[in-house]
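Everything on this sheet refers to the single structure shown next.
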Amino acid sequence: MTVRQLYYRAEVEGLPGIDKTEGSYAKVQRQVLQLRRDHRLPYRHISDLTRWMRKPASFDSVEAALQDTARHYRKALWRDSDVVVEVWCEKDALSGVILPVTALYDVPLMPCRGYSSETFCFEAIEAAAEYGKPYIVYYLGDFDRSGRDAANALREKLERFGSERSVEIEFVELAITERNIREVDQANWRVRARTGDMVRWLPTRPHKRNSRADQLWTHDYAVELDAIEPDDLRALVQSAIEQHMPAEQLEVLKVAEESERSMLAGLAEMYSGDDAG
0 MTVRQLYYRA EVEGLPGIDK TEGSYAKVQR QVLQLRRDHR LPYRHISDLT
50 RWMRKPASFD SVEAALQDTA RHYRKALWRD SDVVVEVWCE KDALSGVILP
100 VTALYDVPLM PCRGYSSETF CFEAIEAAAE YGKPYIVYYL GDFDRSGRDA
150 ANALREKLER FGSERSVEIE FVELAITERN IREVDQANWR VRARTGDMVR
200 WLPTRPHKRN SRADQLWTHD YAVELDAIEP DDLRALVQSA IEQHMPAEQL
250 EVLKVAEESE RSMLAGLAEM YSGDDAG
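Per numbering that gives the first Met the number 0, residue 0 is the first one in the sequence shown, and the count goes up by one each step.
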């Protein structure tokens, strides 16, 4: 999970000294940093995919290249599917939380970083058009003014470009929307919300009123996507994907993938033997 998700969990569990302030969030950040430096919390347990390195793959030999291909070989699981499925997330920071599910099912994960650019949307439609299949986008974003505006803007861009390229689009908002919210407890700044099969209390925050657009928001509160427990968020995404590729179908394809990976590993061994000879 991200540090912010951990902060929300600390708040929900009522940890002493943690409240709905940026100061409390900073306190959690400091403590998580110290726990990791003290080797009491594994670094891999905190997600951060907002920073990355770009470098072309390179190898010492053909054998090494074949071995690497065998290790990382993935079968195109959706080749025979009737649809193209993608998951879009407003928050880049949460991509590391969702990636284990989308990677398992070979589904593209598209971090939007707030408002998606025209270029990003255009390129997504161009790629989808190559398949000639219905294009299904599952979207995750905050429940606040900017989050709702970002979702609406993304839908408009995808549908506009899709119309130009004759791509049939289904835009599905998984969370967080007004449809998810079952009950509001304003006194304790929380809401009961359904995400997939789970109904849980989620912490809220006062909605910002800085701009004219923010002042038009009809709710006194906002709910961040980070407030959803990581396991619930992953289960929500998995359930959406499995509507199009059930787990049993995935298992069959994974067996085929492993067989083909073994074949590639065998080629690497053959090349090594020939080289030695």
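Idealized CB from N, CA, C, for every residue including glycine.
Check the DSSP bridge columns for residue i and list the partner residues they point to.
i	result
Leu40	DSSP output for Leu40 lists no bridge partner at all.
Thr194	Met197
Met109	Trp87
Pro202	Arg189
Ala25	Partner(s): none; Ala25 has no beta bridge.
Ile180	Ala192
Val171	Tyr137
Phe119	Its beta-bridge partners do not exist; DSSP assigns none.
Determine the direct distance from the alpha carbon of residue j to that of residue i, and round the result to whole angstroms.
i	j	result
Glu12	Ala63	49 Å
Gln30	Leu5	11 Å
Asn151	Gln242	24 Å
Gly276	Asp47	Any reading at Gly276 is ruled out, since the residue's pLDDT is 49, under 50, leaving its predicted position unreliable.
Ser94	Cys88	7 Å
Arg3	Met269	49 Å
Arg211	Glu228	32 Å
Tyr130	Lys207	42 Å
Ser162	Ala149	20 Å
Ala226	Leu232	10 Å
Leu76	Leu249	8 Å
Pro15	Val27	12 Å
Leu40	Pro99	20 Å
Glu21	Arg70	43 Å
Ile180	Tyr220	12 Å
Asn187	Asn209	23 Å
Lys253	Lys90	30 Å
Ala192	Arg178	9 Å
Glu259	Ser60	22 Å
Gln237	Arg50	25 Å
Met0	Ile45	5 Å
Glu257	Asp79	18 Å
Thr118	Tyr72	30 Å
Taking Cβ to Cβ, would you say residue i is nearer than 8 Å to residue j?
i	j	result
Val136	Val106	no
Leu153	Ser115	yes
Tyr104	Met244	yes
Glu108	Leu224	Here residue 108 is Leu; the residue named in the question, Glu, does not match the sequence. Not in contact: Leu108 and Leu224 (Cβ atoms no closer than 8 Å).
Val222	Val190	yes
Leu157	Ile175	no
Thr101	Val86	yes
Cys120	Phe160	yes
Ala255	Lys74	yes
Leu235	Thr194	yes
Leu173	Ala239	yes
Val166	Ile124	yes
Lys19	Asp81	no
Ala128	Arg164	yes
Ile17	Ala9	yes
_Cβ pair count under 8 Å reaching 3, the segment 34-45 against the segment 261-268_ = No, the segment 34-45 is not in contact with the segment 261-268.
*Do three or more CB pairs link the segment 216-234 to the segment 135-150 at distances below 8 Å?*
Here the segment 216-234 makes contact with the segment 135-150; the two share three or more CB pairs at distances below 8 Å.
_Extract the residue ranges of the beta strand (DSSP E) inside the segment 194-267, only unbroken runs of 3 or more that lie entirely within it._
Secondary structure in the segment 194-267: the beta strand (DSSP E) runs of 3 residues or longer, each lying completely within the stretch, are 197-202 in chain order.
*Taking the runs of the alpha helix (DSSP H) that are 4 residues or longer, which of them lie wholly in the segment 48-83?*
Listed in chain order, they are 61-71.
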